[in-house]
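Visitor:
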Amino acid sequence: MGEIKSTLNTESVDINEMWWFPKWNSLADILENKTYYEEEFVTEAIVRIIKKIMILLYIKKIMNFNFIIMMIKLNN
Numbered sequence: 000m001g002e003i004k005s006t007l008n009t010e011s012v013d014i015n016e017m018w019w020f021p022k023w024n025s026l027a028d029i030l031e032n033k034t035y036y037e038e039e040f041v042t043e044a045i046v047r048i049i050k051k052i053m054i055l056l057y058i059k060k061i062m063n064f065n066f067i068i069m070m071i072k073l074n075n
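Residue numbers (numbering that gives the first Met the number 0): 0 to 75.
#1: To the nearest angstrom, report how far apart LEU73 and PHE64 are at their CA atoms.
#2: In whole angstroms, what separates the C-alpha of MET69 from that of MET62?
#3: What's the gap between the Cα of ILE45 and the Cα of LYS60?
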C-alpha cells in the first residue's frame, strides 16, 4: 500500500492504475479482514477514497465551469 506508480508518458492510462486512485474494493477487503491489518491501513484506505471522491468532484466542477464559459462565448 502507498506504492507510487508512474503514469506519465503512457499511451493510454487506466484510471484504476493511478497511485492516487485506489480500487473501490480495497476498502471492503481491508474492513472484512480488519483483524489482519493495523488501524493505520484502514484509515489510510478511507483517506485515499475520500481524496478520490474530492478529485472527481473537483474535475466535475472544472468541467461545469468550462461548459458555462463556452456557452457564454457562443451566445455573444
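Note that CB positions come from ideal geometry on N, CA and C, so glycine has one too.
Guide: Taking the structure as given:
#1: 14 Å
#2: 10 Å
#3: 23 Å
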